[in-house]
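Okay, structure first, notes after.
2 protein chains.
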Amino acid sequence: MANPTAAMLVIGDEILSGRTQDTNSNHLATNLTEIGIDLREIRVVGDAPAQIITALNALRGQFDYVFTSGGIGPTHDDITADCIAKAFGIGISIRDDARAILASHYANRKDLNEMRLRMARIPDGATLIDNPVSKAPGFQVENVYVMAGVPAVFHAMLASILPTLIGGTPLLSFTVRIEQPEGTLAGPLAEIAAQHPDVAIGSYPFMQNGVYGSNLVARCPDPALLEIVAAKLQKLGTI
Amino acid sequence: MANPTAAMLVIGDEILSGRTQDTNSNHLATNLTEIGIDLREIRVVGDAPAQIITALNALRGQFDYVFTSGGIGPTHDDITADCIAKAFGIGISIRDDARAILASHYANRKDLNEMRLRMARIPDGATLIDNPVSKAPGFQVENVYVMAGVPAVFHAMLASILPTLIGGTPLLSFTVRIEQPEGTLAGPLAEIAAQHPDVAIGSYPFMQNGVYGSNLVARCPDPALLEIVAAKLQKLGTI
């Protein structure tokens, strides 16, 4: 059976302006690869309702899982929850369980103001996602998991949902670093790739201290097959 | 007049598996922001023709400029050029000018083998993009600029096309770092945002050494307007 598929939707003007380098996608990718969920697409869109809704509806229909990051804080530019509700055509309001989480967190600070209460706005029927870092929860609607953009919070939320995801066969990988340029290896590499259509073989060039080299990577779920291909890739280092 | 818009299409399994962190998007974003081109979307897709062609056709119809990175090297998994040709419905073949560039580079190495010649395959009618780092050119077809995935090469190619792009009014930005949590600032911040609909105001929370704080960012093309809003944001640090 084919592995489940996934997409990531990163929401935030600060990524598109270059102010912030997105690292949540890379963290998600690494974690999904380990449990055999194939991340097939990443999209980054701005803080614009039409863009968010269009992207979300395209991705949730196409992939088994969709993970979002960004836009669920207390400020006026945090519009993700409302956009998710609109994309699903469901209602959204301040929910008692989410409010209770915030209330216990802010109890001593008398600080649960109107803007912070925005973080308790949850689409109808959604399941909350635990946030051990800063309390304000994420949420899940059907196959869409809505999480925070701050990396520490995104990591914590992902850690709390990972055990609930249904994975597949983890992709195993083998990497060999060869100090020869890609163009020299490309011919024999293409032959190996043609001999093993079930193994994804990639070549990633590098240049270090004036030396051109290639990292050759083989990926497949079958350890025996991977071993055969790994041996062939290693031999390329001796040509 | 509104600024020109752009999208970035990152091509490569290695990004989606988590093996490699994409940094080209961030580099592009920073450079486009400086010349007043609004980067509106980033998509990352794998080394799969259907995905690349679908994404490319969606983006090139929607935005003024599309920039791609990845998949134009000499190995079997470098399929971007062929996908671009298919997306545009045009032919592709080894072109004399591209071959000449490679031939002069590899002259002394007698190394211009069949696989390296793949890098001279250019869609019909495309304009070459100079690659001062490793010679194999990128290319432009209509509003699509096809560049390498290796960051040093991507940067060099982008530098050679930047002067040819038609920019708009550069977005100016002002950032103030306030050591108060977002939730405390969110109310007054929303008021400022409502008073200045032409200024994009964002809030980016941080936690450092146990202190919750917010970076407040205002962005707009008008320096006088930005100054007014900047003064209001700075005042928030004193509440």
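Taken in sequence, the protein lines are chains A and B. Using my numbering, count along the first sequence one by one with no gaps and you end on 260. Using my numbering, count along the second sequence one by one with no gaps and you end on 260. Just so it is clear, CB atoms sit at the ideal spot from N, CA and C, and this is done for glycine as well. On a predicted model such as this, the values are computed, not experimentally measured, just so you know.
| request: Take residue 223 of chain A and list the residues in its own chain whose beta-carbon comes closer than 7 Å to its own, dropping the five residues that flank it on each side. | output: Taking the first sequence and counting its residues from 1, the one referred to as residue 223 of chain A is at position 202. The beta carbon of residue 223 of chain A lies closer than 7 Å to those of 238 in the same chain, with the five residues before and after it left out.
| request: Would you list the one or two residues that DSSP bridges to residue 62 of chain A? | output: Numbered from its first residue, the first sequence carries residue 62 of chain A at position 41. Bridge partners of residue 62 of chain A: A:28, B:66.
| Partners in chain B for residue 176 of chain A, counting only beta-carbon separations shorter than 7 Å | Residue mapping note: residue 176 of chain A aligns to position 155 of the first sequence, counting from 1. Correct list: empty, because the minimum Cβ distance to chain B is about 13 Å.
| query | Name the chain A residues that come within less than 7 Å of residue 110 of chain B, Cβ to Cβ? | reply | In the second sequence, the residue the question calls residue 110 of chain B occupies position 89. By Cβ distance, chain A contributes nothing, its closest Cβ being about 23 Å from residue 110 of chain B, past 7 Å.
| request: Would you kindly check if the distance between the Cβ of residue 63 of chain B and the Cβ of residue 46 of chain B is under 7 Å? | output: Here residue 46 of chain B refers to the residue found at position 25 when the second sequence is read from its first residue. Here residue 63 of chain B refers to the residue found at position 42 when the second sequence is read from its first residue. Going by C-beta atoms, residue 46 of chain B is nearer than 7 Å to residue 63 of chain B.
| Classification of residue 155 of chain B by the beta-carbon crowding that lies within 10 angstroms, buried from 16 upward | In the second sequence, the residue the question calls residue 155 of chain B occupies position 134. So residue 155 of chain B ends up on the buried side.
| chain B contacts made by the region 34–48 of chain A, where a contact means CB separation under 8 Å | 34, 35, 36, 37, 38, 39, 40, 41, 42, 43, 44, 46, 47, 48
| message | Quick check for students: name the residue ranges of the alpha helix (DSSP H) that lie wholly in the region 84–115 of chain B, counting only runs of 4 or more. | response | 101–109
| message | Which residue wins for smallest C-alpha separation from residue 196 of chain A, given the options A:149, A:173, A:252? | response | If you number the first sequence from 1, residue 196 of chain A lands on position 175. Comparing Cα positions, the closest option is A:252.
| 7 Å Cβ cutoff met for residue 125 of chain A and residue 151 of chain A | Within the first sequence, the letter at position 104 stands for residue 125 of chain A. Within the first sequence, the letter at position 130 stands for residue 151 of chain A. Result no, Cβ atoms of residue 125 of chain A and residue 151 of chain A do not sit closer than 7 Å.
| task | Keeping to the same chain, check which residues put their C-beta closer than 6 Å to that of residue 217 of chain A; ignore five residues upstream and five downstream. | result | Numbered from 1 along the first sequence, position 196 holds the residue referred to as residue 217 of chain A. The answer, listed in chain order, is 250.
| query | Using a Cβ-Cβ distance under 7 Å, would residue 71 of chain A count as near chain B? | reply | In the first sequence, the residue the question calls residue 71 of chain A occupies position 50. Chain B contact via Cβ: absent.
| By how many angstroms is the C-alpha of residue 254 of chain B removed from the C-alpha of residue 205 of chain B? | To locate residue 205 of chain B, count along the second sequence from 1; it is residue 184. To locate residue 254 of chain B, count along the second sequence from 1; it is residue 233. Straight-line Cα distance between these residues: approximately 13 Å.
| message | Our contact map puts residue 28 of chain B next to residue 87 of chain B with C-beta atoms below 8 Å; I'd like the distance itself, whole angstroms only. | response | Stepping through the second sequence from its first residue, residue 28 of chain B is reached at position 7. Stepping through the second sequence from its first residue, residue 87 of chain B is reached at position 66. Between residue 87 of chain B and residue 28 of chain B the Cβ distance is about 5 Å, and since that is below 8 Å, they are a contact.
| task | Go through its chain and collect everything with a Cβ distance to residue 137 of chain B's Cβ below 6 Å, but skip five positions before and after it. | result | One-based indexing of the second sequence puts residue 137 of chain B at position 116. Counting only Cβ-Cβ distances below 6 Å, and skipping sequence neighbours, we find 95.
| field | Within-7 Å CB hit, residue 94 of chain B to chain A | value | Working through the second sequence from its first residue, we reach residue 94 of chain B at position 73. Yes, residue 94 of chain B lies at the interface with chain A (some Cβ there is under 7 Å from its Cβ).
| Below 8 Å, can you find three or more Cβ-Cβ pairs linking the region 159–167 of chain B to the region 99–119 of chain B? | yes
| task | Check each candidate in B:193, B:159, B:112 and name the one with the smallest Cα separation from residue 177 of chain B. | result | Against the second sequence, residue 177 of chain B aligns to sequence position 156. Looking at the Cα atoms, B:159 is the closest of the given residues.
| task | Return the residues of the region 125–152 of chain A that lie within a Cβ-Cβ distance of less than 7 Å from chain E, sorted by chain order. | result | In the displayed structure, chain E is absent; the protein chains listed are A and B.
| Just how far apart, CA to CA, sit residue 75 of chain A and residue 67 of chain A? | If you number the first sequence from 1, residue 75 of chain A lands on position 54. If you number the first sequence from 1, residue 67 of chain A lands on position 46. Taking C-alpha positions only, residue 75 of chain A is separated from residue 67 of chain A by approximately 12 Å.
| query | Since residue 31 of chain A and residue 91 of chain A are thought to touch, with beta carbons under 8 Å apart, how far apart are those beta carbons, to the nearest angstrom? | reply | To locate residue 31 of chain A, count along the first sequence from 1; it is residue 10. To locate residue 91 of chain A, count along the first sequence from 1; it is residue 70. About 6 Å; that satisfies the 8 Å criterion.
| Paired residues, beta bridge with residue 258 of chain A - DSSP | Translated into positions along the first sequence, residue 258 of chain A becomes position 237. Partner(s): none; residue 258 of chain A has no beta bridge.
| Which residue comes first and which comes last in the beta strand (DSSP E) that contains residue 236 of chain B? | Position 215 of the second sequence, counted from the start, is the residue given in the question as residue 236 of chain B. 232–241 is the span of the beta strand (DSSP E), which, as asked, contains residue 236 of chain B.
| said: Closer than 8 Å between beta carbons: that is the criterion. Which residues of the region 220–231 of chain A meet it against chain B? | reply: Cβ contacts with chain B come from 221, 222, 223, 224, 225, 226, 227, 228.
| query | Should residue 145 of chain A be labelled buried (16 or more other beta-carbon atoms within 10 Å of its own) or exposed? | reply | Here residue 145 of chain A corresponds to residue number 124 of the first sequence, with the count starting at 1. By the 10 Å Cβ count, residue 145 of chain A comes out exposed.
| Under a CB-based cut-off of 7 Å, is residue 98 of chain A close to chain B? | In the first sequence, residue 98 of chain A corresponds to position 77, counting from 1. Yes - at least one Cβ of chain B is within 7 Å of the one on residue 98 of chain A.
| request: Determine, using beta carbons only, whether residue 26 of chain A comes closer than 7 Å to chain B. | output: Counting from 1 along the first sequence, the entry for residue 26 of chain A is found at position 5. No - not a single Cβ of chain B is within 7 Å of the one on residue 26 of chain A.
| Taking just the CA atoms, how far does residue 194 of chain A sit from residue 226 of chain A? | Within the first sequence, the letter at position 205 stands for residue 226 of chain A. Within the first sequence, the letter at position 173 stands for residue 194 of chain A. Each residue's Cα considered, the two are about 17 Å apart.
| request: Note down the Cα distance separating residue 42 of chain B from residue 44 of chain A, rounded to an integer number of angstroms. | output: Looking up residue 42 of chain B in the second sequence gives position 21. Looking up residue 44 of chain A in the first sequence gives position 23. Straight-line Cα distance between these residues: approximately 7 Å.
| When you compare only the Cα positions, how much space is there between residue 140 of chain B and residue 210 of chain A? | Counting from one through the second sequence, the residue named residue 140 of chain B turns up at place 119. Counting from one through the first sequence, the residue named residue 210 of chain A turns up at place 189. Answer to the nearest angstrom: the Cα atoms are 16 Å apart.
| task | Report the rounded CA-to-CA distance for residue 174 of chain B versus residue 93 of chain B, giving the unit in angstroms. | result | Position 153 of the second sequence holds residue 174 of chain B. Position 72 of the second sequence holds residue 93 of chain B. Each residue's alpha carbon lies about 11 Å from the other.
| field | Cβ shell of residue 100 of chain A (< 8 Å), same chain only, five flanking positions each side left out | value | Position 79 of the first sequence, counted from the start, is the residue given in the question as residue 100 of chain A. Answer for residue 100 of chain A: 68, 70, 73, 92, listed in chain order.
| message | Short of 9 Å Cβ to Cβ, which residues in the region 53–68 of chain A face chain B? | response | 53, 54, 55, 59, 60, 61, 62, 63, 64, 65, 66, 67, 68
| request: Just mark residue 114 of chain B as buried or exposed, buried being the case when its beta carbon has 16 or more other beta carbons within 10 Å. | output: Here residue 114 of chain B refers to the residue found at position 93 when the second sequence is read from its first residue. Burial call: exposed.
| message | Looking at chain A, is there any beta carbon in it that lies within less than 7 Å of the beta carbon of residue 189 of chain B? | response | On the second sequence, position 168 is the one that residue 189 of chain B refers to. For residue 189 of chain B, the answer is no, since every Cβ of chain A falls outside 7 Å of its Cβ.
| query | Helix or strand or just coil, what does DSSP make of residue 159 of chain B? | reply | On the second sequence, position 138 is the one that residue 159 of chain B refers to. Here residue 159 of chain B sits in strand by DSSP.
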